[in-house]
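J.: Pasting a structure below so you can have a look.
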DNA sequence: TGCGCCAAAATTGGCACCAATTTACAGATG
DNA sequence: CATCTGTAAATTGGTGCCAATTTTGGCGCA
């Protein structure tokens, strides 16, 4: 058996309204590290855990499997999937590809107030370096990138990148373990803001590529 | 009622093995125009049509809704969704963005035999211009682009583009209505093959962009 | 003591039934 | 005659239950 058992731990027994919320909640818990990669997601446990019915759980698990966050083996169940080295490399490559190509559109369509909001989010991330928790930092980083991509004027880009990023193992897996790295991320955020302000597409593209590839 | 009723027509009563095949089959039938955009997908009809149970149908419909091929209204059901003008523009923009960025990688990683296979597929599409049906042309075109993108060495790229292309209304919607346009597509295919053979990234990028944007 | 086999327990997968909501139709009414 | 209304049909959404498969624990045997 190469699959590890799930780490139960004490999770807040929050319950969800719709099935979409349920899926998001499970996804959040997975990325927060509540369920270790390789651990089996037992349906009855989830059913009790999220205070919902079993078909609901099965639907949410199927959706997560479609998103490639978990995997399904017939008559065995669903387990948390962690992308291996090659897949992570390909995902980061694709993410950098899209975001860099979006740089020109961001420069073109980004308006003044949007730029200020972006600056605000970069500052918010900066403030959370010392005070915030890992998940707070992660959320602030995600919000920054979402805002940046939304300035491209093409909502399909941000949606696609969001899906992509969810498949890349992040915070708890440990590329942000050092504060030095988080600080470097923040610096690069401000580089992007400056590039957008100066309407310098090439500088923005470079900053984005360095920022994404720093993980590898 | 702004949603049209579904066009029943006579569909081959093929049945599927797994639930994934069922979803693909429904998706194929939708893109083949069996169900008109806006028409409601009634679960009992689908159940009889595809010779399967109702939970299976519901699972397949949920997956298609996740893929944005259809939409779901609570207590009303699922209906075929056709992307509007803005969304199509954004999807084509994103598709061109990714495929153009992939051009450099295709030039870099594309090997000789892969290039020959690509040539073969371009020829296959060419041969189907006069003899083949619309769906055959569509499949040959899809196979060509899939092969081209697989030569980038990054399977995530082709997977993402496949998902994207499924969301763009295609053949029956009528951008291939004229034979002239199909011929032009074939010419551009061979331009891409030539660019790959010459290892000319810029030429490949231009050909790809023109090819994708010809639809708009 | 280690290996293989067998039975019991647990978990997943699928199906059938029933409730809730919406839609369509018929009838009454102004 | 148009419109509103109430009832019936149809469709969807959810829950529970049971079969099929896998895992686990225990027993016998070399």
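Protein chains in written order, with the working numbering: chain U, 1 to 216; chain F, 1001 to 1216. The C-beta atom is built at its ideal place from N, Cα and C for all residues, glycine as well.
Residue range of the alpha helix (DSSP H) that residue 1108 of chain F falls in?
T.: Taken as a continuous stretch (DSSP letters only), the alpha helix (DSSP H) holding residue 1108 of chain F covers 1085-1109.
J.: Residue 1131 of chain F CB to nearest chain U CB: under 8 Å?
T.: Chain U contact via Cβ: absent.
J.: Taking residue 220 of chain U as the reference, give the member of U:132, U:185, U:106, U:134 with the closest Cα.
T.: Residue 220 of chain U lies beyond the residue range present for chain U, which begins at 1 and ends at 216; the question has no answer from this structure.
J.: How long is the line joining the alpha carbons of residue 213 of chain U and residue 161 of chain U, rounded to whole angstroms?
T.: Roughly 15 Å between the two C-alpha positions.
J.: Once you ignore the five residues that flank residue 1234 of chain F on each side, which residues in its own chain have a CB closer than 6 Å to its CB?
T.: This structure leaves residue 1234 of chain F out entirely; chain F is present only between 1001 and 1216.
J.: Taking DSSP as the reference, what is the three-state secondary structure of residue 30 of chain U?
T.: DSSP places residue 30 of chain U in helix when its eight states are reduced to three.
J.: Put residue 1082 of chain F into one of helix, strand or coil per three-state DSSP.
T.: The answer is coil: DSSP assigns residue 1082 of chain F none of H, G, I, E or B.
J.: Tell me which residue opens and which closes the beta strand (DSSP E) that residue 1070 of chain F is part of.
T.: Here the beta strand (DSSP E) through residue 1070 of chain F covers 1070-1073.
J.: Taking Cβ-Cβ distances below 7 Å as the criterion, which residues of the stretch 1152-1167 of chain F are in contact with chain U?
T.: Residues passing the 7 Å Cβ filter: 1154, 1155, 1156, 1157, 1160.
J.: What three-state label does DSSP hand residue 77 of chain U in the structure shown?
T.: In this structure, residue 77 of chain U counts as strand in the three-state DSSP scheme.
J.: Can you say whether residue 85 of chain U is buried or exposed, counting buried as having 16 or more other CB atoms within 10 angstroms of its CB?
T.: Classification of residue 85 of chain U: exposed, given that the 10 Å Cβ count is below 16.
J.: Excluding the 5 residues flanking residue 1132 of chain F on each side, which residues of the same chain have their C-beta closer than 8 Å to its C-beta?
T.: For residue 1132 of chain F, where only same-chain residues beyond five positions count, the Cβ hits under 8 Å are 1140.
J.: Taking all protein chains shown into account, do 16 or more other C-beta atoms lie within 10 angstroms of the C-beta of residue 93 of chain U, making it buried, or fewer, making it exposed?
T.: Counting Cβ neighbours within 10 Å, residue 93 of chain U comes out buried, since at least 16 surround it.
J.: Would you say residue 98 of chain U lies against chain F (beta-carbon separation less than 8 Å)?
T.: Chain F contact via Cβ: present.
J.: Are the CB atoms of residue 38 of chain U and residue 80 of chain U within a distance shorter than 8 Å?
T.: Their beta carbons are under 8 Å apart, which means residue 80 of chain U touches residue 38 of chain U by this criterion.
J.: Considering only the beta carbon of each residue, do residue 220 of chain U and residue 204 of chain U sit closer than 8 Å?
T.: Look at the range of chain U in this structure, 1 to 216, and you will see that residue 220 of chain U is not part of it.
J.: Let me know the alpha helix (DSSP H) ranges lying completely inside the stretch 118-144 of chain U, each 4 residues or longer, listed in chain order.
T.: Here no run is fully enclosed.
J.: Listing by chain order, which chain F residues have their CB less than 7 Å from the CB of residue 66 of chain U?
T.: Near residue 66 of chain U (Cβ distances below 7 Å), the residues of chain F are 1063, 1066.
J.: Which ranges does the alpha helix (DSSP H) cover as unbroken runs of at least 4 residues, wholly within the stretch 1169-1207 of chain F, from first to last along the chain?
T.: Qualifying alpha helix (DSSP H) stretches, in chain order: 1179-1197.
J.: Under 8 Å: do the stretch 1062-1070 of chain F and the stretch 1195-1203 of chain F share three or more Cβ pairs, one atom per stretch?
T.: Because the criterion of three Cβ pairs below 8 Å is not met, the stretch 1062-1070 of chain F and the stretch 1195-1203 of chain F do not touch.
J.: Using a Cβ-Cβ distance under 8 Å, would residue 1101 of chain F count as near chain U?
T.: So, interface residue.
J.: Using DSSP's beta-bridge definition, name the partner residues of residue 164 of chain U.
T.: Answer is none; residue 164 of chain U lacks a bridge partner.
J.: Of the residues F:1082, F:1091, F:1109, F:1211, which one's Cα is nearest the Cα of residue 1144 of chain F?
T.: Residue 1144 of chain F has its Cα closest to that of F:1211, out of F:1082, F:1091, F:1109, F:1211.
J.: Please determine, among F:1059, F:1052, F:1042, the residue with the shortest C-alpha to C-alpha distance to residue 1076 of chain F.
T.: Of the listed residues, the one whose Cα sits closest to residue 1076 of chain F is F:1042.
J.: Residue 36 of chain U and residue 69 of chain U - do their beta-carbons sit closer together than 8 Å?
T.: Cβ distance not < 8 Å, so residue 69 of chain U and residue 36 of chain U don't count as in contact.
J.: Answer yes or no: do residue 1168 of chain F and residue 1083 of chain F have a C-beta to C-beta separation smaller than 8 Å?
T.: Yes, these two residues count as a Cβ contact at 8 Å.
J.: Taking only beta-carbon atoms, is residue 1024 of chain F less than 8 Å away from chain U?
T.: Not one chain U Cβ lies under 8 Å of residue 1024 of chain F.
J.: Just curious, the alpha helix (DSSP H) that residue 60 of chain U is in, first and last residue?
T.: It spans 54-66 - the alpha helix (DSSP H) in which residue 60 of chain U sits, taken as one unbroken run.
J.: Do you know how far the Cα of residue 155 of chain U is from the Cα of residue 71 of chain U?
T.: If I take the Cα positions, the gap works out to 28 Å.
J.: Quick one, which residues of the stretch 1071-1097 of chain F are near chain U if we go by CB-CB under 8 Å, in chain order?
T.: Listed by position, the residues of the stretch 1071-1097 of chain F near chain U (Cβ gap below 8 Å) are 1087, 1090, 1091, 1093, 1094, 1097.
J.: What do you get for residue 112 of chain U, buried or exposed, if any count of 16 or more other CB atoms within 10 angstroms of its CB means buried?
T.: Looking at its Cβ environment, which holds fewer than 16 other Cβ atoms inside 10 Å, residue 112 of chain U is exposed.
J.: Is there a Cβ from chain F that is less than 8 Å from the Cβ of residue 59 of chain U?
T.: Residue 59 of chain U counts as touching chain F.
J.: Which residues does DSSP pair with residue 41 of chain U in a beta bridge?
T.: U:78.
J.: Quick check on DSSP: helix, strand or coil for residue 159 of chain U?
T.: Reduced to three states, the DSSP call for residue 159 of chain U is helix.
J.: Does the distance from the C-beta atom of residue 275 of chain U to that of residue 209 of chain U stay below 8 Å?
T.: With chain U running from 1 to 216 in the structure shown, residue 275 of chain U is simply not present.
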